[in-house]
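A quick write-up on the structure given underneath.
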Amino acid sequence: MDISSFRFLVVEDHSFQRWFMGNLLQELGAGSVLLAADGSVALELLATSRPPIDVVITDLDMPRMDGMELIRHMAGRNHAASLIVVSALEHSLVGTVEVMAQEYGVRFLGALAKPLTAKKLRDVLGSHPSARGAPRPTQIAPLLTAGEVDEGLQRGEFEAFFQPTVEIKSGQAEGAEALARWRHPTKGLIYPDLFIPVVESSGLMDELTRKMTRDAASNCHAWREAGFDMTVSVNLSPGLLSDLSLADRMTALVKDSGLEARHVTFEITESTAASELGKELENLARLRMKGFGLSIDDFGTGHSSMERLTRIPFTELKIDQSFVKGASRHPSRRAVVESSLELARKLGIAAVAEGVDKRAEWDLLLGLGCTLAQGYFLAQPMEATAFGEWLAVRRQDTA
Ligand code: C2E
Ligand code: CA
Ligand code: CA
305 MDISSFRFLV VEDHSFQRWF MGNLLQELGA GSVLLAADGS VALELLATSR
355 PPIDVVITDL DMPRMDGMEL IRHMAGRNHA ASLIVVSALE HSLVGTVEVM
405 AQEYGVRFLG ALAKPLTAKK LRDVLGSHPS ARGAPRPTQI APLLTAGEVD
455 EGLQRGEFEA FFQPTVEIKS GQAEGAEALA RWRHPTKGLI YPDLFIPVVE
505 SSGLMDELTR KMTRDAASNC HAWREAGFDM TVSVNLSPGL LSDLSLADRM
555 TALVKDSGLE ARHVTFEITE STAASELGKE LENLARLRMK GFGLSIDDFG
605 TGHSSMERLT RIPFTELKID QSFVKGASRH PSRRAVVESS LELARKLGIA
655 AVAEGVDKRA EWDLLLGLGC TLAQGYFLAQ PMEATAFGEW LAVRRQDTA
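Residue numbers are given in this note's numbering: position 310 of the sequence shown equals residue 614, and the series is strictly consecutive.
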């Protein structure tokens, strides 16, 4: 990648290491490189450098201000610079700093073990946002009211996008997850993180879910008619499970579209509100009895994930993205992925790894015997027509 327009700041107390890193960057073609022997000088340079610094490369273990404190101050002052951590410290500690930086809102490009090499640096710089197509525009939160969401639903502005789940061994798509999008007439395409909370709090989730289930079922029916052996998944908010008419209504909806229940899976996250457990279990048992698949979403993140596994007839578990992402570099994440796979195997249910966005994770999952994966590495969520075309191209490519 071309880094000739980048301005770097190297923060390292050890003078030889500092010089060495500066030299490496220059060899790689860096536009300009500033050097700081400690955190205070670094913050000063960050504040005053014109043009601004694009990438900060910092050591962690430094006298006076350590790398963690520097990162916290960077976040507090809203510097837009990306961060690379170079350290001789143990892997799990560096992993903690990565999560810490992300929590503080600093864009983390990667952690590199000393000794630093040109190859390591080049690889990690490749993940700078200017080096790849930005997957999704960052949305400035538009204020959405319950009234607006309701109108949007009435006007039919919500639709399902589809993201494939792919069988890792064969590369064949086997299913798709329906993900809600709002095509707002003036605000553009709005993603669920912005409207789901409003939908949830204004009692509109049932309506949205019906719309999503209809979209999912009719599209899956069409794919199957076109000769693709596909299933489809719909997210089911746990709050809906206290309505005892849910299972029958969902069954009728799916039947109306000509699809069989066994081709539809409902993904359920752990409920946060105090749930009505009896009703929840009655609904889930009925859905399963009608033939639907039941998936435990974001597996591993809720403290009662294990308990839920023992009392709900799940047919699938979706390993949360936070464990899958970076599993090839972080032994602790990899351990969680491995034991989730082991658990699924023992229970005789399917396991899907979510958030696979790099080849390294794909290769790791293949090696671990994980059967199904979903993530940007394979495809982003697409509108229904684009998804149909994607399926056709994929079939040709993997034939
Ligand atoms: P989720 O069910 O965990 O869905 C997966 C989310 O991860 C989707 O975000 C998907 O676009 C994103 N994703 C997939 N692969 C990757 C990857 O490789 N990297 C990264 N960074 N992200 C990836 P999306 O579409 O924004 O949906 C967010 C959440 O909103 C969903 O999380 C789900 O909890 C909720 N949601 C979406 N549609 C519905 C719906 O119809 N009903 C309900 N109740 N919730 C929904
Ligand atoms: Ca899901
Ligand atoms: Ca999930």
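Cβ atoms here follow ideal geometry from the backbone N, Cα and C, with glycine treated the same way.
- Rounded to the nearest angstrom, the Cβ distance from ALA480 to MET516 is 12 Å, too far for a contact under 8 Å.
- About 5 Å separates the beta carbon of SER632 from that of LEU668, a gap short enough to meet the 8 Å contact definition.
- Around the beta carbon of SER386, a 10 Å sphere encloses 16 or more other beta carbons of the protein chains shown; the residue is thus reported as buried.
- For the pair LYS473 and ASP547, the Cα-to-Cα distance works out to about 40 Å.
- Unbroken alpha helix (DSSP H) stretches of 4 residues or longer found wholly inside the stretch 331-393: 343-352, 371-380, given in chain order.
- Within 10 angstroms of the beta-carbon of PHE320 lie fewer than 16 other beta-carbons, which makes it exposed.
- Counting other Cβ atoms within 10 Å of its Cβ, MET325 reaches 16 or more and is therefore classed as buried.
- Contact between the stretch 686-695 and the stretch 653-673 is absent, with fewer than three C-beta pairs closer than 8 Å.
- Excluding the 5 residues flanking it on each side, ALA683 has same chain C-beta neighbours closer than 7 Å at GLN467, PRO468, TRP694, in chain order.
- In this structure, LEU672 lies near VAL641, with their beta-carbon atoms less than 8 Å apart.
- As summarised for the stretch 469-548, the continuous beta strand (DSSP E) elements at least 3 residues long and confined to that stretch are 477-488, 492-494, 535-540, given in chain order.
- Between VAL502 and LEU512, the gap from beta carbon to beta carbon reaches 8 Å or more.
- Spanning the alpha carbons of TRP323 and ALA341 requires a straight line of approximately 10 Å.
- In this structure, the CA atom of ALA484 is about 9 Å from the CA atom of ASN539.
- Residue pairing by DSSP places LYS622 opposite VAL656 in a beta bridge.
- For the set GLN700, GLU461, PHE465, GLY507, the Cα lying nearest the Cα of THR490 is the one of GLU461.
- In the DSSP annotation of this structure, the continuous segment of the beta strand (DSSP E) that includes SER599 starts and ends at 597-603.
- Sequence-distant partners of ALA464 (beyond 5 residues in either direction) whose C-beta falls short of 6 Å from its own C-beta, in its chain, are ALA482, MET516, ASP519, ALA520.
- In this structure, VAL389 lies away from LEU350, with their beta-carbon atoms at least 8 Å apart.
- Distances from the CB of LYS622 to the heavy atoms of ligand 3 include at least one below 7 Å.
- The stretch 522-537 and the stretch 491-501 do not touch, with fewer than three beta-carbon pairs separated by less than 8 Å.
- Around the CB of VAL401, 16 or more other CB atoms lie within 10 Å, so the residue is classed as buried.
- Boundaries of the alpha helix (DSSP H) around GLY582: 581-594.
- For the set ALA392, MET404, PHE412, the Cα lying nearest the Cα of LEU420 is the one of ALA392.
- Cα atoms of GLY595 and ASN587: separation of roughly 13 Å, rounded to the nearest angstrom.
- Under the DSSP assignment, PHE691 falls in the alpha helix (DSSP H) whose first and last residues are 688-702.
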